[in-house]
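Visitor:
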Amino acid sequence: MNHDVVYNERIPSIAQNAPAVVTTVLVCQNALIRSGVSHMLSGTHFIVSGEKPEQSPEVPVLCLIYSSLATDDLSKTIEQCKAQWPSARVVLLTESMEPAAMVQSFQAGLDGLCSTGMKREALIKAFELVMLGEAFIAPALALNLWDDAIRQRQARPDGAVVIGPAVNGIAGRLSGRETQILSHLTLGASNKHIARELGVAEATVKVHLKGILRKIKAANRTQAAMWAQQHMDFAANDGIMTAAE
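Take 924 as the starting number for the sequence shown in the numbering used here and just add one per residue.
Structure follows, in structure tokens:
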């Protein structure tokens, strides 16, 4: 980030129904980074708050975390943000992150994961997507998850991707169809693609997906996919992953 630049131009909103004003809380101990992020957000509807704001239904809150904390401490910070502002959206800014740490952070309630190498315009659009209820992972960081899955796939003679312990607990309560849907979710497949692969209606996939989210306590399909990568053994459930189109 170039901390010497003061941004005055207004970046067009990604959607007409994007919030007009978003109270933005910077969770960062580095004064230089705080200054840089504040300058970056100038001229946008992300208004940096100098104090801890009271949450209001009329004014949404975005928590931006920049931290070098260990994974457990980072998860605690995310959970604290969610506890203080229950409807807030939480985004982490980071240079790099291990796949296991990504999974743990999203399980703790993270809504977005952005790289500090992203351009300003891309970051603002990512923040807007998160405020609209979408989960976001910067492509450069998402590749770490994909590379990790590929390495594990290559380690198996049958080509199956097996991540985490054998199926038990919550995973053991998932039906066979739900397990199949989760296996496709980990590859980023759409509902339409999953329905075609499984030979069912797209509406049926949506119903199963709602059940999956409820059982594993995930907020969206991205969190569900990351949970599955950490906990599911698809080979043991006849849910061997196949490449998505």
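Ideal placement from N, C-alpha and C gives every residue a C-beta, glycine not left out.
Report buried or exposed for K1115, applying the criterion of at least 16 other Cβ atoms within 10 angstroms of its Cβ.
Guide: When all chains shown are included, K1115 counts as exposed.
Visitor: What is the DSSP secondary structure of T1000, reduced to helix, strand or coil?
Guide: helix
Visitor: How many Å lie between L1136 and G1040 at the Cα?
Guide: 32 Å
Visitor: Per DSSP, what kind of secondary structure is A1166 in: helix, strand or coil?
Guide: Unreliable positioning characterises A1166 in this predicted model, as indicated by a pLDDT of 29, which lies under 50. A coordinate reading is not provided.
Visitor: Tell whether a beta-carbon distance below 8 Å holds between L1052 and C1037.
Guide: no
Visitor: Could you tell me how far apart the beta carbons of A1061 and D1034 are, in whole angstroms, since I believe they sit closer than 8 Å?
Guide: For A1061 against D1034, the beta-carbon gap comes to about 13 Å, at or over 8 Å, which does not count as contact.
Visitor: Determine contact between the region 1124 to 1132 and the region 1004 to 1018, defined as no fewer than three beta-carbon pairs at a distance below 8 Å.
Guide: Here the region 1124 to 1132 does not lie against the region 1004 to 1018, with fewer than 3 beta-carbon pairs under 8 Å apart.
Visitor: State the Cα-Cα distance for the pair V1090 and Q1153, rounded to the nearest angstrom.
Guide: Summary for V1090: the model assigns pLDDT 37, below 50, so the residue's position carries little reliability; its value from the coordinates is reported in the next sentence. Cα to Cα, the separation comes out at about 11 Å.
Visitor: In terms of alpha-carbon separation, which member of L1097, A1141, L949 lies closest to C1004?
Guide: L949
Visitor: Please report the straight-line C-alpha distance between S990 and L997, rounded to a whole angstrom.
Guide: Computed Cα separation, rounded: 8 Å.
Visitor: What's the gap between the Cα of I1047 and the Cα of T1109?
Guide: 26 Å
Visitor: Which residues in the same chain have their Cβ closer than 8 Å to the Cβ of T946, if we skip the five residues on either side of it in sequence?
Guide: I970, S972, P976, V982, P983, V984, L985
Visitor: Assuming T1169 is part of the beta strand (DSSP E), what are its boundary residues?
Guide: Nothing about residue 1169 can be reported from this structure: the residues present for the chain run from 924 to 1168 only.
Visitor: Could you check what DSSP says for L964 in three-state terms: helix, strand or coil?
Guide: helix
Visitor: In whole angstroms, give me the CA-to-CA distance for H1131 and S1098.
Guide: Rounded to whole angstroms, the separation of the alpha carbons of S1098 and H1131 is 9 Å.
Visitor: In angstroms, rounded to a whole number, what distance separates the CA positions of G1122 and R1012?
Guide: 36 Å
Visitor: Assuming I1001 and G1032 form a contact by the criterion Cβ under 8 Å, report the distance between their Cβ atoms to the nearest whole angstrom.
Guide: 5 Å
Visitor: From V960, A1023, S965, L1066, pick the residue whose C-alpha is nearest to that of V1014; which is it?
Guide: V960
Visitor: Since L1110 is in the beta strand (DSSP E), which residue starts that stretch and which ends it?
Guide: Per DSSP, L1110 lies in no beta strand (DSSP E) and is assigned neither H nor E.
Visitor: What residue range is occupied by the uninterrupted alpha helix (DSSP H) comprising G1035?
Guide: No alpha helix (DSSP H) contains G1035, which is instead part of the beta strand (DSSP E) from 1035 to 1038.
Visitor: Identify, in the order they occur along the chain, each residue of the same chain with its Cβ nearer than 7 Å to the Cβ of H968, setting aside the five sequence neighbours on each side.
Guide: P942, A943, V944, V945
Visitor: For L1046, report the span of its alpha helix (DSSP H) as first-last.
Guide: 1043 to 1054
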